[in-house]
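Novice: Chains A and B, in that order, give the protein sequences. To convert, note that position 284 of the first sequence is 284 in the UniProt record's numbering; the numbers rise steadily by one, no gaps. To convert, note that position 482 of the second sequence is 482 in the UniProt record's numbering; the numbers rise steadily by one, no gaps. Take this structure first; my questions come after.
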Amino acid sequence: MSLKTPLKFLAAATLTLSASMAMAFEPTGKVECIAPSDPGGGWDFTCRSVGNVLETLGMVPGSVQTINMAGAGGGVAYAHTVSKRSGDEQLLVAASTATTTRLAQGQFPGMTAEQVTWIGAVGADYGVIAVNADSEYKNLQDLMNALKEDPQSVKFAGGSANGGWDHLKVLITANAAGVDDLPKIGYLSYNNGGEAMTQVVGGHVDAFTGDISEAQGFMESGDLRVLAVLSEERLPGKFSDIPTAREQGIDSVGPNWRGFYMPGDMSDEAKQYWVNAIDELYASEEWKSVMKKNGLMPFHPGADKFETFVKSQIRSIEDLSKDIGLIK
Amino acid sequence: METINYLIDGFGVALAPHNLMFALIGAFLGTLIGALPGLGPANGVAILIPLAFTLGLRPETALIMLTAVYAGAMYGGRISSILLNIPGDEPAMMTCLDGYPMAKQGRAAEALVISAVASFMGSLIATIGLILLAPLLADFALTFGPAEYFALFVLAFATLGGITGKNPVKTILAASIGLIIATVGIDISTGTQRFTFGVLKLYEGVDFIIAIVGLFAISELLFFIEERAGAGREAIKVNKLKLSWKDIVHVLPTTLRGSVLGFVAGVLPGAGASLGSFIAYTLEKKVLGKKGRFGEGDPRGVAAPESGNNGASSGALVPMLTLGVPGSGTTAVLLAMLISFNITPGPLMFTQNADIVWGVIAALLIGNFLLLLLNIPLIGIFVRLLSVPPMYLLPMVTMIAFVGIYAISHSTFDLYFMIAFGIGGYLLRKLEIPLVPVILGLLLGPEMEKNLRHAMQLSNGDWTVLWGSGLAIGLWAVAILGLVLPVFVGPMLRRRMKAGVQSD
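This is the structure in structure tokens:
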């Protein structure tokens with residue numbers, strides 16, 4: 001999706017513009033974006049920043065109004081979208097890996113991924129596995145070998161609940177490294193990544209699992225050694241020194257993506273409009289500067305691939321959760 | 001050096017015009033809340049939290065406003081102590097002892113000014129203490145593992161009632177109620193649902209803010225309706241000020257001693273402002289002995305407790321900001337506020353949310369100057385406001401509470417929940433069960449549980465890990481002291497405090 005020269009960008013923009021003009025759907029009046037959290041969180045950021053850029057790019061008629069609807073880790077907003085907003089073609093809802101994790105583990109009772117329309121992702125924060133700077137573990141292989149010998153020998157601290165995304169990243173990695181007894185691996189859940197990291201830096205817990213954006217501070221201060229980033233390729237900029245898990249022979253990728261779903265029962269034209277809008281937004285200079293400013297990394301399954309991605313992510317989380325006995 | 005840089009940045013935040021304006025509003029409202037008998041600082045801050053949400057303030061602005069309210073309440077408490085012999089809040093009790101006699105002798109204005117200066121000095125010295133101590137303690141906090149945190153939470157609960165606490169059984173009962181409410185929701189350590197009854201709204205547990213506003217603000221309204229206290233007080237006259245620099249210099253040593261003592265009392269968990277003012281007053285009486293005329297309107301008897309309670313209120317921010325363990329009811333409410341803005345107090349906050357922490361600390365310093373200005377030239381306004389009938393005040397408070405809670409989540413469910421908490425709070429108050437332990441139980445319960453579990457997970461189920469380090473043993477020892485001491489010392493202290501008040 002990288003558009004290097006302005007000329008190409010112009011050409012692409014005209015193309016998509018003429019393409020969208022050919023279609024029937026065009027949003028009119030109010031466009032809303034539900035952030036399933038209180039103000040200040042990641043979902044709130046997704047709604048507000050995307051809303052702003054959509055406005056600047058002129059892809060919405062007026063402004064995008066952000067509505068905060070916290071509860072049940074996104075479950076209240078999900079239930080609202082499914083039961084009360086079906087067919088609403090001007091409602092975006094912010095989502096992330098947390099949403100797919102909860103769907104996979106049946107924590108939105110009676111609701112499935114098929115009940116909404118998955119529109120697109122606008123970036124991601126990649127998982128990292130890190131240890132205290134004084135730790136005996138120098139690379140990811142060391143750590144995984146220790147787990148192979150005794151799954152209880154290394155305890156992980158993370159900012160999500162048990163079975164949540166931070167925990168799953170450890171399991172995905174250990175699974176890829178060939179560790180057998182996944183349920184035995186110790187995971188300590190904290191309220192957020194910062195709290196978990198403090199415990200690792202303080203030498204109370206062996207390893208940290210979280211996102212790269214969280215680890216940045218302690219990484220720069222030299223208190224934390226990041227063993228691997230769970231991305232397909234090395235990350236750009238100041239993170240380019242961190243090896244990926246893949247380079248170290250462990251095929252583990254963990255993007256915590258940020259994106260949107262919309263209500264079910266939408267017309268194909270409307271769905272196409274919004275999928276294109278997110279594509280265009282992702283390619284724009286405006287969005288690139290938002291990503292840069294907020295430490296958001298590239299992640300954007302093109303055009304219609306997002307839905308497939310979401311569903312396969314849900315399936316693999318489901319399998320993993322069954323493996324560790326979290327769900328039956 | 002780093003601290004100074006941070007502080008300069010903090011002043012940048014606090015001096016932004018809108019932050020300055022909200023600090024002024026907060027200081028004004030805080031003084032008013034402190035001055036009105038019955039509405040304590042914990043109550044006051046709780047009632048004004050929804051205002052921050054109603055106005056859609058940014059976290060640092062909201063915190064600056066609420067810390068100004070907090071500081072203001074400590075100033076305000078003295079006004080009704082001096083003029084009416086009714087303490088505006090508990091810490092202002094000791095100020096009655098010499099403040100009211102001064103007022104009776106026609107020296108109310110002097111008492112008000114001296115106490116304002118003492119309050120200012122107390123806050124100023126303690127805030128400097130906070131600036132010096134907090135970053136050190138924040139570094140030290142890294143040595144706290146799960147076992148140490150667990151011991152610290154036990155300590156916080158053990159000292160809950162404070163040394164002056166009245167009925168320990170009721171305190172424990174109240175804390176248990178809080179702990180029980182805290183178990184509602186998805187348990188983060190196992191992912192299991194507890195007491196959610198399939199209601200999506202309960203998955204994330206009970207929101208502290210809703211509980212706090214319901215328990216304090218709504219129950220206050222219910223009490224008001226019951227009492228039908230419609231009429232205001234008669235206007236009080238204050239004499240013209242006759243105060244020289246010499247008078248202020250005269251109370252200066254007292255003020256300095258009181259400030260330092262207050263700060264120390266504030267840093268200790270559970271002790272709080274009431275103890276700060278009590279120790280400051282008692283010590284001053286001991287130090288000056290027969291040279292003072294304590295209890296008969298000695299200006300130093302006004303300066304000591306005021307510098308003490310203001311010092312303690314800033315001191316109490318130290319454990320709250322560095323360890324996330326509140327030292328008093330009001331700081332517990334401030335903690336809830338921080339959490340609801342997604343800011344976790346603790347060592348990380350000093351680096352990750354440096355702008356907020358140092359902005360708040362700078363605001364505390366600025367707020368103090370604002371309060372001094374408000375409380376000396378404008379004291380007349382507060383005196384007049386004391387006679388505003390509550391029939392105008394409380395409906396406003398209720399309206400703000402409803403709008404504010406609705407503004408957080410746009411959910412009517414939360415409003416019903418708030419009313420339910422209000423009725424619960426009313427019943428508890430009728431039974432004379434204190435509300436602050438309920439809030440502390442609700443706030444600290446999940447943390448305590450989590451740390452116990454983590455300690456067990458790390459040690460693979462070995463309980464001895466809980467007292468496995470010197471630090472943990474020290475914390476347990478203090479906790480046991482905190483539990484045992486009030487049984488012996490509490491009644492004695494209370495008797496003395498009461499005897500002091502009644503002897504006038």
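Positions of the beta carbon are idealized from the N, C-alpha and C atoms, including for glycine. These numbers come from a predicted model, not from an experiment.
1. Starting from the beta carbon of A/Leu188, find every residue of chain B whose beta carbon is closer than 7 Å, and list them in chain order.
2. For B/Gly214, decide whether its Cβ has a neighbour in chain A, counting only Cβ atoms nearer than 8 Å.
3. Note down, one range per segment and in chain order, each alpha helix (DSSP H) of at least 4 residues found wholly within the stretch 202-240 of chain A.
4. With DSSP collapsed to three states, give me the class of A/Ala95.
5. How is B/Arg300 classed by DSSP in three states: helix, strand or coil?
6. Under 9 Å Cβ-Cβ, which residues of chain B neighbour A/Gly194?
7. Run down chain A in chain order and give the residues with a C-beta less than 9 Å from the C-beta of B/Tyr203.
8. Relative to the alpha-carbon of A/Gly194, which residue among A/Tyr187, A/Pro183, A/Asp211 has its alpha-carbon at the smallest distance?
9. Kindly list, in the order they appear in chain B, the residues whose Cβ is closer than 9 Å to that of A/Val116.
10. Would A/Ala98 pass as an interface residue toward chain B - the criterion being a Cβ-Cβ separation below 8 Å?
11. With respect to the alpha helix (DSSP H) encompassing A/Gln152, which residues constitute its N-terminal and C-terminal limits?
12. In terms of residues, what are the limits of the beta strand (DSSP E) holding B/Met418?
13. Which same chain residues, not among the five before or five after A/Asp205, have their C-beta less than 8 Å away from its C-beta?
14. Quick check on this structure: which residue in B/Val302, B/Leu335, B/Ala303 has the alpha carbon closest to the alpha carbon of B/Ala316?
15. I'd like to confirm the pairing. Which residues does DSSP put opposite A/Tyr126 in its beta bridges?
16. For B/Thr190, which residues in chain A fall below 8 Å Cβ to Cβ?
17. In the DSSP output, what is B/Ser244 paired with across the bridge?
18. Unbroken alpha helix (DSSP H) runs of length 4 or more, entirely within the stretch 360-403 of chain B: which are they?
19. Can you find the residues in the same chain that come closer than 8 Å, C-beta to C-beta, to A/Met21, ignoring five residues on each side of it along the sequence?
20. Closest Cβ-Cβ distance between B/Gly301 and chain A: below 8 Å?
21. Roughly how many angstroms lie between the CA atoms of B/Leu215 and A/Asp304, to the nearest whole one?
22. Distance, Cα to Cα, A/Ala133 vs B/Val403?
23. Which of the three DSSP states is assigned to A/Met266 in this structure?
24. Under the three-state reduction of DSSP, which class applies to B/Phe120: helix, strand or coil?
25. At 7 Å on the CB atoms, spell out the chain A contacts of B/Thr143, in chain order.
26. Got a sec: is the Cβ-Cβ distance from B/Gly198 to anything in chain A below 8 Å?
27. I need the straight-line Cα distance from B/Leu338 to B/Gly289, nearest angstrom please.
28. Roughly how far, in whole angstroms, is the beta-carbon of B/Gly308 from the beta-carbon of B/Gly258, given that I think they are within contact range, below 8 Å?
29. Rounded to whole angstroms, what is the Cα-Cα separation between A/Ala245 and A/Cys47?
30. Which residues in the same chain have their Cβ closer than 6 Å to the Cβ of A/Gly74, if we skip the five residues on either side of it in sequence?
31. Going along chain A, which residues have a C-beta under 7 Å from B/Ile356?
32. For chain A, check one thing: does any of its Cβ atoms lie closer than 8 Å to the Cβ of B/Asn460?
33. Taking Cβ positions only, does B/Ser340 come closer than 8 Å to chain A?
34. Quick one: complete alpha helix (DSSP H) runs, 4+ long, within the stretch 140-183 of chain B?
35. Whether or not the stretch 207-225 of chain B and the stretch 417-425 of chain B are in contact is what I'm after, with contact meaning three or more pairs of Cβ atoms, one per stretch, closer than 8 Å; do they touch?
36. Does B/Gly214 come out as helix, strand or coil in the three-state DSSP assignment?
Specialist: In brief:
1. The residue labelled residue 188 of chain A in the question sits at position 188 within the first sequence. Residues of chain B passing the Cβ test: His454, Gln457.
2. For the purposes of this step, residue 214 of chain B is identified with residue 214 of the second sequence, where counting begins at 1. No, B/Gly214 lies away from the interface with chain A (no Cβ there is under 8 Å from its Cβ).
3. 212-220
4. Walking along the first sequence from the start, residue 95 of chain A turns up at place 95. Strand, per DSSP.
5. Position 300 of the second sequence, counting from 1, holds the residue named residue 300 of chain B. Helix.
6. Residue 194 of chain A sits at position 194 when you count from the first residue of the first sequence. Chain B residues near A/Gly194: Thr344, Gly346, Leu348, Met349, Gln352.
7. The residue given as residue 203 of chain B occupies position 203 in the second sequence. Those within 9 Å of B/Tyr203 in chain A are Gly71, Ala72, Gly73, Gly75, Val76, Gln107.
8. Taking the first residue of the first sequence as position 1, residue 194 of chain A is located at position 194. Of the residues A/Tyr187, A/Pro183, A/Asp211, the one whose Cα lies closest to the Cα of A/Gly194 is A/Asp211.
9. In the first sequence, the residue the question calls residue 116 of chain A occupies position 116. Correct list: empty, because the minimum Cβ distance to chain B is about 16 Å.
10. In the first sequence, the residue the question calls residue 98 of chain A occupies position 98. Not an interface residue.
11. By 1-based counting over the first sequence, the position of residue 152 of chain A is 152. Careful: A/Gln152 lies outside any alpha helix (DSSP H) and carries neither H nor E.
12. As a first step, residue 418 of chain B is located in the second sequence; it is residue number 418 there, counting from the start. Segment 412-430 is the alpha helix (DSSP H) holding B/Met418; no beta strand (DSSP E) there.
13. As a first step, residue 205 of chain A is located in the first sequence; it is residue number 205 there, counting from the start. Reading off the sequence shown, one finds Val at residue 205 of chain A, where the question assumed Asp. Here the set comprises Lys155, Phe156, Ala157, Leu188, Ala196, Gln199.
14. Your numbering for residue 316 of chain B matches position 316 in the second sequence. Ranking the options by Cα distance to B/Ala316, first place goes to B/Leu335.
15. Here residue 126 of chain A is taken as the residue at index 126 of the first sequence, counted from 1. Answer by DSSP bridge pairing, in chain order: A/Pro255.
16. Counting from 1 along the second sequence, the entry for residue 190 of chain B is found at position 190. Simply Asn162.
17. Locating residue 244 of chain B in the second sequence gives position 244, where the first residue counts as 1. Paired residues: none, contrary to the question.
18. 379-385
19. As a first step, residue 21 of chain A is located in the first sequence; it is residue number 21 there, counting from the start. Because the pLDDT of A/Met21 is 48, which lies under 50, any placement of that residue in the model is unreliable, and the question is left without a value.
20. Mapped onto the second sequence, residue 301 of chain B falls at position 301. So no, B/Gly301 is outside the interface.
21. On the second sequence, residue 215 of chain B is found 215 positions in, with the first residue counted as 1. On the first sequence, residue 304 of chain A is found 304 positions in, with the first residue counted as 1. Straight-line measurement puts the Cα of A/Asp304 at about 50 Å from the Cα of B/Leu215.
22. Taking the first sequence and counting its residues from 1, one reaches residue 133 of chain A at position 133. Taking the second sequence and counting its residues from 1, one reaches residue 403 of chain B at position 403. Straight-line Cα distance between these residues: approximately 49 Å.
23. Stepping through the first sequence from its first residue, residue 266 of chain A is reached at position 266. If DSSP states are grouped into helix, strand and coil, A/Met266 belongs with coil.
24. If you number the second sequence from 1, residue 120 of chain B lands on position 120. In this structure, B/Phe120 counts as helix in the three-state DSSP scheme.
25. Looking up residue 143 of chain B in the second sequence gives position 143. Result: Gly202.
26. Here residue 198 of chain B refers to the residue found at position 198 of the second sequence. By this cut-off, B/Gly198 is an interface position.
27. The residue you call residue 338 of chain B lines up with position 338 of the second sequence. The residue you call residue 289 of chain B lines up with position 289 of the second sequence. The straight-line gap from Cα to Cα measures roughly 44 Å.
28. Here residue 308 of chain B corresponds to residue number 308 of the second sequence, with the count starting at 1. Here residue 258 of chain B corresponds to residue number 258 of the second sequence, with the count starting at 1. With a Cβ gap of about 4 Å, B/Gly308 and B/Gly258 count as contacting.
29. Taking the first residue of the first sequence as 1, we reach residue 245 of chain A at position 245. Taking the first residue of the first sequence as 1, we reach residue 47 of chain A at position 47. Taking the straight line joining both Cα atoms gives about 31 Å.
30. In the first sequence, residue 74 of chain A corresponds to position 74, counting from 1. For A/Gly74, where only same-chain residues beyond five positions count, the Cβ hits under 6 Å are Pro36, Thr99.
31. Taking the first residue of the second sequence as position 1, residue 356 of chain B is located at position 356. Within chain A, no residue comes near B/Ile356; the closest Cβ sits about 11 Å away, beyond 7 Å.
32. Position 460 of the second sequence, counted from the start, is the residue given in the question as residue 460 of chain B. Cβ-Cβ to chain A under 8 Å: yes for B/Asn460.
33. Position 340 of the second sequence holds residue 340 of chain B. Chain A contact via Cβ: present.
34. 146-158, 168-182
35. yes
36. Taking the second sequence and counting its residues from 1, the one referred to as residue 214 of chain B is at position 214. If DSSP states are grouped into helix, strand and coil, B/Gly214 belongs with the helices.
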